[in-house]
Amino acid sequence: MSEPAEPTSPRPHNQPIYLSSVWECRDPQQADEILGGRQRGYVYRRDGHPNGDALAAECCRLHGVEQGIATSSGMSAIAVAVLAVAQTGDHVLVSNRLYGKTGHLLATEFSRLGVESSTVDIRDLAATRAALRTNTRLLIVETIANPCLEVADIAALAEIAHGGNARLLVDNTFATPYVCRPAELGADLVMESLTKMMNGHSDVILGFLGGTSAVWDRVPGVVSAWGFCSSPMDCWLALRGLGTMPLRMQQACGNARAAAEFLAGRKEVERVDYPGLAAHAQHDLAQRQFGSRFGSLVTFHLRGGRSAAECFIAAAKRIPFCPSLGELGTTLSHPESTSHRGLTPEGRAALGITGGTIRLSLGIEPLDDVLSALDEGLSG
Ligand SMILES: *Cc1c(COP(=O)(O)O)cnc(C)c1O
17 MSEPAEPTSP
27 RPHNQPIYLS
37 SVWECRDPQQ
47 ADEILGGRQR
57 GYVYRRDGHP
67 NGDALAAECC
77 RLHGVEQGIA
87 TSSGMSAIAV
97 AVLAVAQTGD
107 HVLVSNRLYG
117 KTGHLLATEF
127 SRLGVESSTV
137 DIRDLAATRA
147 ALRTNTRLLI
157 VETIANPCLE
167 VADIAALAEI
177 AHGGNARLLV
187 DNTFATPYVC
197 RPAELGADLV
207 MESLTKMMNG
217 HSDVILGFLG
227 GTSAVWDRVP
237 GVVSAWGFCS
247 SPMDCWLALR
257 GLGTMPLRMQ
267 QACGNARAAA
277 EFLAGRKEVE
287 RVDYPGLAAH
297 AQHDLAQRQF
307 GSRFGSLVTF
317 HLRGGRSAAE
327 CFIAAAKRIP
337 FCPSLGELGT
347 TLSHPESTSH
357 RGLTPEGRAA
367 LGITGGTIRL
377 SLGIEPLDDV
387 LSALDEGLSG
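The opening residue of the sequence shown carries number 17 in our numbering; numbering runs sequentially from there.
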């Protein structure tokens with residue numbers, strides 16, 4: 017990661033936005049040195065740019081990883097990891113509870129390239145170990161899974177992957193490094209959809225991939241050749257967002273815990289999924305792995321199925337129905353009609369999703385505002 021070659025003096029306190037797609041080389045020797053990686057500097061934006069490097073450096077610091085790169089989206093960060101580690105004939109083992117598009121990427125896109133994948137319930141460590149094949153190169157899990165917020169035992173899964181021929185990639189988007197730093201628990205690769213809480217202002221699409229030097233060889237080349245490069249403007253905005261990420265997460269996690277407790281006490285609600293509740297099946301693991309931080313998402317299941325969810329969404333006027341997460345304010349999503357629309361009812365039921373399932377992404381409003389907005393929805 018390099019500094020811009022010639023900062024003005026005195027240098028601006030805030031990093032300028034470098035929109036230039038190309039840099040001027042002094043002579044062929046300099047071009048050769050930079051392009052050959054022997055000298056720090058920039059030539060062509062697809063291969064690297066100052067705003068991307070500044071953002072990646074901050075993400076590396078937050079995650080405690082040696083290597084990192086900003087990518088055009090969270091999805092491209094996942095694609096880069098697979099392309100860097102696996103090739104035709106290899107196998108990727110993935111959690112059966114994954115962000116929908118990640119499952120699609122493997123099942124529909126990578127399968128075309130001869131990279132096979134299969135799914136497993138990663139809460140069952142023996143089943144996960146048994147599902148590893150001799151050609152399994154990558155195990156992909158989410159720290160906190162969508163939408164019912166199951167928790168991955170990252171240290172145990174890293175050990176299982178390393179017992180075979182595989183690396184562990186952790187999608188940490190639902191946790192952020194405020195809640196969990198998977199590399200410290202043994203993950204080889206960690207990714208974030210910076211689009212979500214990391215940027216936190218719902219105005220960029222960006223990803224981050226970080227990892228240990230041992231798995232990094234092919235990563236920069238993959239980003240450049242496949243054109244997965246980040247946009248300087250988006251990187252600048254995301255770096256600004258990251259400055260307040262710990263403060264935002266602190267407030268949002270507090271709101272989430274209180275919202276989970278509030279919802280658990282309501283008769284309209286059948287079940288609440290939140291790793292911070294003692295009733296969560298993996299609460300002990302969550303405590304051991306996260307300490308006292310359990311994330312800013314809360315999923316709850318209304319009695320009365322789809323029609324109850326429709327009433328709640330209509331009545332909760334101050335909680336926008338935005339099928340994403342990590343905005344400044346509290347938003348909700350309805351998995352049955354959005355992220356898990358493509359599954360059969362039986363497939364959804366197996367993941368714990370009903371028509372009455374609502375996933376809340378808690379924002380940074382004062383807690384009273386959050387609880388009264390939820391009350392409005394339930395009383396509607
Ligand atoms: C949003 C998301 C992604 C994909 O990120 P994009 O930035 O939308 O490409 C991947 N994993 C999880 C868990 C996400 O929430």
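Note that CB positions come from ideal geometry on N, CA and C, so glycine has one too.
Query raised in the report: Excluding the five sequence neighbours on either side, which residues of its own chain have a C-beta within less than 7 Å of the C-beta of P236, listed in chain order?
Result: Residue numbering aside, residue 236 sits at position 220 when the sequence shown is read from its first letter. Cβ neighbours of P236 beyond the five flanking positions: I85.
Requested in this report: Please confirm whether E175 and G202 have their CB atoms less than 8 Å apart.
Outcome: By 1-based counting over the sequence shown, the position of residue 175 is 159. By 1-based counting over the sequence shown, the position of residue 202 is 186. Yes, the Cβ-Cβ distance between E175 and G202 is below 8 Å.
Query raised in the report: Can you check whether the CB of R62 is closer than 8 Å to the CB of C245?
Result: Counted from its first residue, the sequence shown places residue 245 at position 229. Counted from its first residue, the sequence shown places residue 62 at position 46. In this structure, R62 lies closer than 8 Å to C245 by Cβ.
**Report entry** Residue-level contact to chain D via CB, L114, 8 Å cutoff
**Finding:** Protein chain content of the structure displayed is limited to a single chain, and chain D is not contained in it.
Requested in this report: Using the Cα positions of L148 and S353, report the straight-line distance between them to the nearest angstrom.
Outcome: The residue you call residue 148 lines up with position 132 of the sequence shown. The residue you call residue 353 lines up with position 337 of the sequence shown. Answer to the nearest angstrom: the Cα atoms are 33 Å apart.
Requested in this report: Reducing DSSP to helix, strand and coil, say where V314 ends up.
Outcome: Your numbering for residue 314 matches position 298 in the sequence shown. If DSSP states are grouped into helix, strand and coil, V314 belongs with the strands.
Query raised in the report: Any heavy atom of ligand 1 within a distance shorter than 7 Å of the CB on T228?
Result: In the sequence shown, the residue the question calls residue 228 occupies position 212. Outside the cutoff, so no.
Query - Spatially closest choice to V288 from A171, P26 and T373, by CA coordinates - result: Here residue 288 corresponds to residue number 272 of the sequence shown, with the count starting at 1. Closest option to V288, Cα to Cα, is T373.
Query raised in the report: Does the Cβ of N30 have 16 or more other Cβ atoms within 10 Å, making it buried, or fewer, making it exposed?
Result: Along the sequence shown, one-based indexing puts residue 30 at 14. Exposed, because fewer than 16 other Cβ atoms sit within 10 Å of the Cβ of N30.
Query raised in the report: Within 7 Å: the Cβ of L341 and any heavy atom of ligand 1?
Result: Position 325 of the sequence shown, counting from 1, holds the residue named residue 341. Yes - ligand 1 has a heavy atom lying nearer than 7 Å to the Cβ of L341.
Report task. Decide if G223 is buried, meaning its Cβ has at least 16 other Cβ atoms within 10 Å, or exposed. Result -> Your numbering for residue 223 matches position 207 in the sequence shown. When all chains shown are included, G223 counts as buried.
Requested in this report: Look at N215 and G257 and say whether their C-beta atoms are less than 8 Å apart.
Outcome: Here residue 215 corresponds to residue number 199 of the sequence shown, with the count starting at 1. Here residue 257 corresponds to residue number 241 of the sequence shown, with the count starting at 1. Against a cut-off of 8 Å, the Cβ pair of G257 and N215 comes out as a contact.
**Report entry** Residue of A280, H79 and I94 minimising C-alpha distance to V195
**Finding:** For the purposes of this step, residue 195 is identified with residue 179 of the sequence shown, where counting begins at 1. Measuring from the Cα of V195, the nearest candidate turns out to be H79.
Query - Residue range of the beta strand (DSSP E) that includes R27 - result: On the sequence shown, position 11 is the one that residue 27 refers to. No beta strand (DSSP E) holds R27; DSSP gives it neither H nor E.
**Report entry** A241 versus L99: straight-line alpha-carbon distance, rounded
**Finding:** If you number the sequence shown from 1, residue 241 lands on position 225. If you number the sequence shown from 1, residue 99 lands on position 83. Looking at the two C-alpha atoms, the distance is approximately 11 Å.
Query raised in the report: What do you reckon, are the CB atoms on E277 and A332 nearer than 8 Å?
Result: As a working note, residue 277 is residue 261 in the sequence shown. As a working note, residue 332 is residue 316 in the sequence shown. In this structure, A332 does not lie closer than 8 Å to E277 by Cβ.
**Report entry** DSSP beta-bridge partners of H107
**Finding:** Translated into positions along the sequence shown, residue 107 becomes position 91. Per DSSP, E132 and T152.
Query - Among S36, V186, I380 and G321, nearest to Y58 - alpha-carbon criterion - result: Taking the first residue of the sequence shown as 1, we reach residue 58 at position 42. Y58 has its Cα closest to that of S36, out of S36, V186, I380 and G321.
Query - Residues near P248 in its chain [Cβ-Cβ closer than 6 Å; skip 5 each side] - result: On the sequence shown, residue 248 is found 232 positions in, with the first residue counted as 1. For P248, where only same-chain residues beyond five positions count, the Cβ hits under 6 Å are I33, Y34, L35, H65 and N67.
Report task. Please indicate yes or no: does the CB of S111 lie closer than 7 Å to some heavy atom of ligand 1? Result -> To locate residue 111, count along the sequence shown from 1; it is residue 95. Checking the Cβ of S111 against ligand 1 gives no.
Query raised in the report: When the Cα atoms are used, what is the spatial distance from S355 to L344?
Result: Here residue 355 refers to the residue found at position 339 of the sequence shown. Here residue 344 refers to the residue found at position 328 of the sequence shown. Approximately 21 Å between the Cα atoms of the pair.
Query raised in the report: Between D385 and the rest of its own chain, which residues show a CB-CB distance below 8 Å, the 5 nearest in sequence each way excluded?
Result: Locating residue 385 in the sequence shown gives position 369, where the first residue counts as 1. Only R334 meet the Cβ criterion.
Query raised in the report: Just the Cα atoms here: how many angstroms apart are R264 and I369?
Result: Counted from its first residue, the sequence shown places residue 264 at position 248. Counted from its first residue, the sequence shown places residue 369 at position 353. Using only the alpha carbons, I get a separation of about 28 Å.
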